[in-house]
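Residue numbers for the sequence shown follow the working numbering, so the first one is -2 and each next one is one higher.
Heads up, the beta-carbon is just placed ideally off N, CA and C, and yes, glycines get one too.
Inspection log for the structure reproduced underneath, given as structure tokens.
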Amino acid sequence: MKARSQIGAAFALLIASGAVAQAARDMAHPTTAAELLAAESPKPVSAAAAAAAAGPAAAGCKAKRAAALLPKNLVALSIAQPDGAETLGVKTPAGVVDVRAAAKALGMPAPLTLEEMLRAGSAAQLAALVDAAVSKKVALLDEASIKHGRLFTSPGKIVCVGLNYKRHAEEVGAEPPRVPPLFNKYNNALTGHGAVVKLPTHDIAYKIDYETELLIVIGAAARNVSEADALNYVAGYAVGHDLSARDLQLELPSGQWMIGKTLDGFAPIGPYFVSGDVVGDPNNLKLETKVNGKVEQEWTTSDFIFDVEKVVSYISKHWTLEPGDIIFTGTPQGVILGKAKNEQVWLKAGDVITSKIEKLGELKFTLA
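Written out as structure tokens, the structure is:
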């Protein structure tokens, strides 16, 4: 019960902080309802006026242009090369195309990493290379022989949504949020499929918890997009894991959400990036977490409080999402923190974690 009250209070503080800040602004600048409505509407000036006049039609055209840049029929992975590089591989029925090797052998240009492809909008270029490599049987690898690298090494933003499953909110004793509670991770947390994640020393943190999550990958610049248009800016999805140090997150005097969520290696992602057209509906995917072979989480993204469209739209109203940005969408019930205190067995060195999401594969990593 104490754990439930701790996380419930922590989420309440996270959610309420925005409301408190808004209340303070309202006290300093009281407004009538009419003034408030006027303030929320941007003043029609120059380009902004033209955009406002264009309305939904302009937004729809922009969304279509964004969608045209997105990859199609793509299942990609990262290859850890012998020289230390982490380069793009593409999964095909004929085998995995080593993009770097194929580009060199065929003399064709191609993006060498997933992030490069997303930022350059070069999905068509990649598709042409893959078709040629398969046709000529060049640079095809057996996936079993591949050591996976990191799918992402330098995203501009790693955004995380807290408390985004109804049953998870219930298990930790928190009220469902009215808007998505956001926090972040940093690039030091990124690692990949098959990784060994070194845990902090016991005196720093030991209450380590699992959180399997659907990862959204942004494929086109998105600013102030509607829910209806949101998926036109999503390149695809991956399995992500939000490892969490609950003692840092919840038990320090001030609570250290950032530290508790972004320790080195605390954001494993993989094994695949799968384009949105292959995945279909992201809001109806089965999800599973196993610890040493035992199922600990088993649920579906249909329990989202804020679905993928709402998450992307909401974030884009506050800052621009850029190609290669990634979004963790929250975890369902079954986390260690949500269990009765006498049933809490925290993760430890030697544990093997597997995170599986329908259509996206199974991410596996080991703690050390």
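A Cβ-Cβ distance of about 5 angstroms is found for the pair LYS195 and ALA365, placing them in contact under the 8 angstroms criterion. By the neighbour-count criterion, in which 16 or more other beta carbons inside 10 Å mark a residue as buried, PRO79 falls on the exposed side. Judged by pairs of C-beta atoms under 8 angstroms, the segment 272 to 281 touches the segment 63 to 72, as three or more such pairs exist.
ALA102 and ILE143 have their C-alpha atoms some 19 angstroms from each other. With a cutoff of 8 angstroms on beta-carbon distance, VAL332 and GLU208 are scored as near each other. Annotation: the segment 106 to 175 contains the following complete segments of the beta strand (DSSP E) (minimum length 3 residues), in chain order: 155 to 158.
When the beta-carbon positions are compared, THR286 and SER223 stay at least 8 angstroms from each other. For ALA186, same chain residues with a beta-carbon under 6 angstroms away, outside a window of 5 residues either side, are THR259, PHE263 and ALA264 in chain order. Separation of VAL96 and GLN294 (C-alpha to C-alpha, rounded to the nearest whole angstrom) is 35 angstroms. Between the segment 325 to 339 and the segment 117 to 137 there are fewer than three C-beta pairs closer than 8 angstroms, too few to call the two in contact.
Listed as beta-bridge partners of TRP296 by DSSP are LEU284. A contact is defined here as three or more CB-CB pairs under 8 angstroms, and the segment 134 to 153 fails this definition with respect to the segment 305 to 316. Measuring C-alpha to C-alpha distances from MET255 to each of ASN184, VAL193 and TYR230 identifies ASN184 as the nearest.
In this structure, ALA100 places its C-beta atom within 8 angstroms of the C-beta atom of PRO106.
Rounded to whole angstroms, the Cβ separation of GLU140 and LYS88 is 7 angstroms, and the two are in contact under 8 angstroms. Using a C-beta cut-off of 8 angstroms, the segment 154 to 167 makes contact with the segment 311 to 331, since at least three inter-stretch Cβ pairs fall below that distance. When DSSP states are grouped into helix, strand and coil, GLU306 belongs to the helix group.
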